[in-house]
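Q: What follows is a structure written as structure tokens; I'll ask about it next.
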Amino acid sequence: MKGIWKKILEVNLTTGNAIAKELPESFYLTYLGGLGIASRLLLDYTEKSIDPLSEKNAIIIAPGLLVGSGLPTASKTTLTFKSPETNAFGRSVSGAYLGVALKKAGYDALVITGASKKPVYLVIEDEKFTIKDASNLWGKDAIETQEILKDQLGKEFRTGAIGPAGEKLLKIADIDFEERQSARAGGGAVMGSKKLKAIAIKGTKNVEYADPDALKQAILEWNKKINASDAKKLDMGYGSGEFYEWINKERGVFPVKNWQESYFEESFEKHKDGKSPLDPYYWSPKYTKTLHPCPNCTKPCGRYIEIKEGKYAGTHVEGVEYELLYSLGGDLGIDNIEATAKLNEICDRAGVDGISAGVTLAWAMEAYEKGLLTKDDTDGIELKFGNEDAAIEALNKLVNRKGKLGELLADGVKRAAEKLGKGSEKFALEIKGLEPPAYDVRGLKGMALAEAVSVRGACHLTGGIYAPELTGSFWKLSNIDRLSSEWKGYEVKVGEDFMSVYDTLGMCKFSRSIFWLEGLLDGIYAVTGIKFGVDWLMEIGERVYNLDKIFNVREGLSRNDDYLPYRVTHEPIKNGISKGYLVKEDELRDMLDQYYTARGWSKDGTPTKMKLFELGLGKEAEEFGKPI
């Protein structure tokens, strides 16, 4: 099999040693790359019940199988770790140029174990490896840190770093890769616990591909498909928030004010033209400075925006992505894109997951308005929905774990609600401890199931089920009714296996409807020399997803952890086209039964011995599989 090195680099920060380890070809045929090998290695390098912030945790960084090949939108690198936010499987994916550099340095994955006693950063240059003192970088923000490293080491180095949030062990801290974030599940806190401030990699090697001429042809053909798609024009023009107005007005599932509303009606109605200022059709042409593509992306949705005048003059940020239009906009009752961009910038520089931070702040606003938090609790901040000055002041406290409010909010909404009590748990939006993304699942019942069962908690990308729910079809699936709870188990299972394949390959999920799986086969063959079929790929996806589930089973998670927030199951949507809908608890129970049956798992949500044996996971079958 070509397109791989059959080698990983293991770095132990406790001893300061690094070892290159060979892996057999069968390992790659079983797991491909990216998420597949990152999941396998995480299970192998960690033990049951470890503290996620102890030196016993590991961080695995693995570029997808196709990353660095030149195939367009094959851009994603996966990180896995035990999550400090959920105490379960942690996964984070980003368009990191560091992943390409790692591949060019001669490695299929980087495994980081142990912990340093003082702040350090790693430098990898092909076979050369050094651990350097990072005392002068400790305390600097994530973006500034990487700028300093590039000035010192050379612009050809690709980098990743944590900010002050990771240093202070915020459980919602992220890792920044040149302003592309691996944001979810608290990987920044894991790096911070290891005193690892940053990583810099330079690779000069060429990966051997099976058929270079066929690869060039595949690159041309893939680009033709991308250029012919509507997605390219929309992504480059308006980014991931292009459907903002549609999801508000036509689907009514855009969460507002901590999910008290599901259509930002106030924003649309208070402006004379009937347009919300959060809509990229309004702000993208006005503020975009330049596009910011992930590696080998020819339809970039990312952009740098710059505010030159007014209250927020000087704000310069990569964004604002759809998810943050929600978490740092509508969910806070804020429709000023300039304020949302400023909040985005604070998160990126501090190194904090913008979804988790925004949803946690929205919870605090509701608690304040309900009288459960006082001005003394909020350090004197009048924390009301729509108050952008208060939101910025409060976010600065959160990301720095500063004051009473910062200490309350720093580790996410679940822990904040547990600390406060007073019934605030009933409007704390989280699943397994992870805050939900920008889709009100009361009006998307398959998405509700997908978030409930996702191995990393409330997540829209584990199964990507928002797409079929919103449009009614996906790949081989059709006639999907978003307001019905029937047939959701199979729908979610297919979506999870499909998306797991994309994460093993390193493909951007925004290109899935351009290629599906059939359209990827020529590129995979040109890279590897192996004729993978769709069925083989889906089997790998299923294997990887079951492996991730086994991690959670090992950590003691069960059906009881596949839940939905109280607000979703008890409070119907109050406004918009989806008004009146919710997901009743008996509906969720039925959908869970559907899902576990489709997966071949037991009714308590544990993979069965037979299913694991069927997927070639014999060791896991014996140790964790449920007999029937």
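Per my numbering, residue 41 is the first one in the sequence shown, and the count goes up by one each step.
Cβ coordinates follow ideal geometry from the N, Cα and C atoms, glycine included.
Would you kindly report the start and end of the unbroken alpha helix (DSSP H) that includes SER324?
A: 320–327 is the span of the alpha helix (DSSP H), which, as asked, contains SER324.
Q: Taking its Cβ as the centre, do 16 or more other Cβ atoms sit within 10 Å of ALA268, making it buried, or is it exposed?
A: With fewer than 16 other Cβ atoms within 10 Å, it is exposed.
Q: Touching or not, the region 394–401 and the region 465–477, by the rule of three or more beta carbon pairs under 8 angstroms?
A: In short, these stretches touch, since the Cβ pair count reaches three.
Q: From SER132 to MET41, what does the alpha carbon distance come to, in whole angstroms?
A: About 27 angstroms.
Q: I'd like to know if the region 188–202 and the region 77–87 are in contact, where contact means that at least 3 CB-CB pairs between them fall below 8 angstroms.
A: The answer is no - the region 77–87 does not touch the region 188–202, with fewer than three Cβ pairs under 8 angstroms.
Q: Measuring only the C-alpha atoms, how far is ILE570 from ASN336?
A: Cα-Cα distance, rounded: 23 angstroms.
Q: Roughly how many angstroms separate the alpha carbons of GLU509 and VAL567, rounded to a whole number?
A: Approximately 34 angstroms, taken between the alpha carbons.
Q: Since VAL51 and VAL151 are thought to touch, with beta carbons under 8 angstroms apart, how far apart are those beta carbons, to the nearest angstrom?
A: The Cβ separation is near 7 angstroms, so the contact holds.
Q: How would you label GLU531, buried or exposed, when you count the other beta carbons within 10 angstroms and need 16 or more for buried?
A: Looking at its Cβ environment, which holds 16 or more other Cβ atoms inside 10 Å, GLU531 is buried.
Q: So what does VAL357 bridge to, in DSSP terms?
A: Bridge partners of VAL357: ILE345.
Q: Would a C-beta distance cut-off of 9 angstroms place ALA145 and LYS122 closer than the cut-off?
A: No, the pair does not count as a contact, with Cβ atoms beyond the cut-off.
Q: Would you mind stating whether GLU378 and TYR362 have Cβ atoms separated by less than 9 angstroms?
A: Against a cut-off of 9 angstroms, the Cβ pair of TYR362 and GLU378 comes out as no contact.
Q: Could you tell me which of CYS341, PHE304, MET547 sits nearest to VAL107, measuring between CA atoms?
A: VAL107 has its Cα closest to that of MET547, out of CYS341, PHE304, MET547.
Q: Check whether the Cβ atoms of ARG522 and GLY486 lie closer than 9 angstroms to each other.
A: Yes, Cβ-Cβ distance for ARG522 and GLY486 is below 9 angstroms.
Q: May I ask which residues mark the beginning and end of the beta strand (DSSP E) holding THR338?
A: Here THR338 belongs to no beta strand (DSSP E), and DSSP marks it neither H nor E.
Q: Have a look at PRO317 and GLU306 and give me their C-alpha separation to the nearest angstrom.
A: Answer to the nearest angstrom: the Cα atoms are 11 angstroms apart.
Q: Going by DSSP, what residue range makes up the alpha helix (DSSP H) through GLY277?
A: Run containing GLY277: 270–278, per the alpha helix (DSSP H) assignment.
Q: Does the Cβ-Cβ distance between LEU517 and ALA431 come in under 9 angstroms?
A: Not in contact: LEU517 and ALA431 (Cβ atoms no closer than 9 angstroms).
Q: Can you round the beta-carbon distance between ILE259 and PRO112 to whole angstroms, since I take them to be within the 8 angstroms contact cut?
A: Indeed, because the Cβ distance is near 7 angstroms, the residues count as touching under 8 angstroms.
Q: I need the boundaries of the alpha helix (DSSP H) containing GLU662, first residue and last residue.
A: First-last of the alpha helix (DSSP H) with GLU662: 658–664.
Q: From the DSSP output, which residues share a beta bridge with LEU523?
A: DSSP lists no partner for LEU523.
Q: With three or more C-beta pairs closer than 8 angstroms as the rule, is the region 186–200 touching the region 211–226?
A: Counting Cβ pairs under 8 angstroms, three or more are found: they touch.
Q: Taking the continuous beta strand (DSSP E) assigned at ILE173, which residues delimit it?
A: Residue identity check: residue 173 is Asp in the sequence provided, not Ile. It spans 168–173 - the beta strand (DSSP E) in which ASP173 sits, taken as one unbroken run.
Q: Can you grab the Cα-Cα spacing for the pair ALA468 / ALA450, in whole Å?
A: Cα to Cα, the separation comes out at about 14 angstroms.
Q: Look at the Cβ atom of GLY563, then the Cβ atom of ALA114, and state whether they are nearer than 9 angstroms.
A: Result yes, Cβ atoms of GLY563 and ALA114 sit closer than 9 angstroms.
Q: According to DSSP, what are the bridge partners of TYR161?
A: Note: TYR161 sits in a beta bridge opposite LYS172, ALA238.
Q: Mind reading off the beta-carbon distance from VAL247 to ARG198? Whole number of angstroms is fine, and I expect it under 8 angstroms.
A: That belief does not hold up - the Cβ atoms of VAL247 and ARG198 are roughly 16 angstroms apart, past 8 angstroms.
Q: If we ignore side chains and look at the alpha-carbon of each, how far apart do ARG594 and THR126 end up?
A: ARG594 and THR126: Cα-Cα distance of roughly 14 angstroms.
Q: Relative to the alpha-carbon of GLY43, which residue among GLY512, ILE171, PRO252, GLY503 has its alpha-carbon at the smallest distance?
A: With distances taken between Cα atoms, GLY43 lies closest to PRO252.
Q: Kindly indicate the opening and closing residues of the alpha helix (DSSP H) around SER316.
A: From DSSP, SER316 is part of no alpha helix (DSSP H); its letter is neither H nor E.
Q: To the nearest angstrom, report how far apart LEU549 and LEU448 are at their CA atoms.
A: In the sequence under discussion, the amino acid at residue 549 is Lys, which differs from the Leu named in the question. Spanning the two alpha carbons is a distance of roughly 35 angstroms.
Q: Can you give me the C-alpha to C-alpha distance between LYS237 and ILE100, rounded to a whole angstrom?
A: Cα to Cα, LYS237 sits roughly 16 angstroms from ILE100.
Q: Between which two residues does the alpha helix (DSSP H) holding SER32 run?
A: Absent from the structure is residue 32, since the part of the chain shown begins at 41 and ends at 668.
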